[in-house]
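Take a look at the structure below.
Protein chains: 2
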Amino acid sequence: MQVSAPSQPLDAVTVEALADTFRLLGDPTRVRIVDALAGGALCVHEISERISLSESAVSHQLRLMRTMRIVKGRREGRCVYYTLDDQHVLDLFQQGLRHVSEGHGQPRANSDL
Amino acid sequence: MQVSAPSQPLDAVTVEALADTFRLLGDPTRVRIVDALAGGALCVHEISERISLSESAVSHQLRLMRTMRIVKGRREGRCVYYTLDDQHVLDLFQQGLRHVSEGHGQPRANSDL
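This is the structure:
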């Protein structure tokens, strides 16, 4: 565990933005979309097939995720290809995955603490 | 952006655990607690003072966060000192912070996509 000297608490705007980002990722459908896009750019149709969800439901989620800069879109002809917005989103996803894969993220059994 | 060949989608249990972890972090009070603990171990009283929230409210959040393995507690005499559960939690928090500090995490202005 990295330990540093106590620093100034985060300002309210940063706290809200951080909570909003985590909250947006805290949904199973959006986790599936991030998982699909972790492999590279996909259009709505491909994401829809990959996660077995209607294209309209995928589009709805992508709009939310785009607004919060979790994904970004790039038009190519008649298709819009979506990717994760930046390396930080991929890193966040992969860190979360490591956390839950090591048995964290599962509810802890009760103990005295 | 790291791109790899399409892999198997995550299984349902992992998707739920990942969404639960992000959802738990997606709350301003819990973000403030993680921020406080990013600097090292603190007892409930110290967290309470640091984030200007009652000890009972802090304890309530810590119980939730402990159950989901975001924090862990270590008893020392009459006090319980809390730390982030593991390095992944600190990494998650810091990655999220980098994302929002670079202007991501703020709603994107509307454009054609």
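As given, the protein sequences belong to chains B and S, one line each in that order.
According to numbering that gives the first Met the number 0, the residues represented by the first sequence are 0 to 112, in order.
According to numbering that gives the first Met the number 0, the residues represented by the second sequence are 0 to 112, in order.
Idealized CB from N, CA, C, for every residue including glycine.
This one's a predicted model, so the numbers in the text were calculated from it and none came from an experiment.
Asked	Found
Exposure of Ala18 of chain B, with buried meaning 16 or more beta-carbon neighbours within 10 Å	buried
Beta carbon proximity, Gln94 of chain B to chain S, threshold 8 Å	yes
Proximal residues of chain B, C-beta to C-beta of Gly76 of chain S below 7 Å	The contacting residues do not exist; Gly76 of chain S stays about 14 Å from chain B at best.
Contact set between Ser55 of chain S and chain B, taken where Cβ atoms lie within less than 7 Å	The contacting residues do not exist; Ser55 of chain S stays about 17 Å from chain B at best.
Under 7 Å from the C-beta of Leu17 of chain B: neighbouring residues of chain S	Val30, Gly95, Leu96, Val99, Gly104
Range of the contiguous beta strand (DSSP E) that encloses Leu83 of chain S	78-83
Burial state of Val12 of chain S (16 or more Cβ within 10 Å)	exposed
Buried/exposed call for Ser58 of chain S, threshold 16 Cβ in 10 Å	exposed
Ala113 of chain B versus Glu48 of chain S - alpha carbon distance	Residue 113 of chain B is absent from the model: chain B starts at 0 and stops at 112.
Extent of the continuous alpha helix (DSSP H) to which Glu101 of chain S belongs	Looking at the DSSP string, Glu101 of chain S is not in any alpha helix (DSSP H), and its letter there is neither H nor E.
Range covered by the beta strand (DSSP E) that runs through Arg73 of chain B	70-75
Closer than 8 Å to chain B by CB, Ser47 of chain S	no
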